[in-house]
Every structure is written in C-alpha cells, then in structure tokens.
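First residue of the sequence shown? That's 1 in the numbering used here, and the numbers climb one at a time after it.
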Amino acid sequence: MSDFADEASRVEEQQREDALALLRNRPRPIANLSSQCMDCEGPIERARLAAVPHCQRCIDCQRIHEGRRV
Ligand SMILES: [Zn+2]
C-alpha cells in the first residue's frame, strides 16, 4: 500500500514540476504591463482600469498631473 502511495506522490511531484515549468516559460500577459502607472510604476486599480481602460496613471498620479496642468 505504501508503495502505491510513494509512486503516486512521485508522479504527482513530476506533474507539478512540469506544470510549473510551463507557467515559468509563459510570457506575462500584456494586461499586466498596461495596468502599471507611467509615473510611479505602481499598479493601477482594477476599478480605474475598468472605468478608463487606456489610463496610464494611477489615481494619485492622475490627480497630481491634472493639478499641475490646471
Ligand atoms: Zn502613480
């Protein structure tokens, strides 16, 4: 019985390593790049991206940017 368990865990481990290798080789989704603030390089909130899909700044930097412009 323990032989089966050892074999199962060995196969399981191999499959997990294969899956991890695939994930590591996969390029990052482009969505991650566009959700980065161009000023502070911090993440832009999902809610903001949903409202303004092409925004390039997080809400804080956008406020500063607009404040300077006015
Ligand atoms: Zn920012």
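Note that the Cβ used here is the ideal one computed from N, Cα and C, for glycine as well.
Quick caveat, the model's predicted, so the values are computed rather than measured.
| message | At a cut-off of 8 Å, would you count Cys55 as near ligand 1, judging by its Cβ distance to the nearest heavy atom? | response | Mapped onto the sequence shown, residue 55 falls at position 55. The answer is no for Cys55.
| Bounding residues of the alpha helix (DSSP H) (the contiguous stretch that carries Ser9) | Position 9 of the sequence shown, counting from 1, holds the residue named residue 9. It spans 2-25 - the alpha helix (DSSP H) in which Ser9 sits, taken as one unbroken run.
| field | Cβ-based burial, Ala40 [other Cβ within 10 Å; buried from 16] | value | On the sequence shown, residue 40 is found 40 positions in, with the first residue counted as 1. Note that residue 40 is Cys in the sequence shown, not Ala. Exposed: under 16 other Cβ atoms inside 10 Å.
| Cutoff 8 Å; reference Glu45; Cβ partners in own chain excluding five residues on either side | Within the sequence shown, the letter at position 45 stands for residue 45. The beta carbon of Glu45 sits closer than 8 Å to the beta carbons of Cys58, Ile59 from its chain, once the five residues preceding and following it are set aside; these are given in chain order.
| field | Span separating the alpha-carbon of Ser35 from that of Leu49 | value | Residue 35 sits at position 35 when you count from the first residue of the sequence shown. Residue 49 sits at position 49 when you count from the first residue of the sequence shown. If you take the alpha carbons of Ser35 and Leu49, they lie about 7 Å apart.
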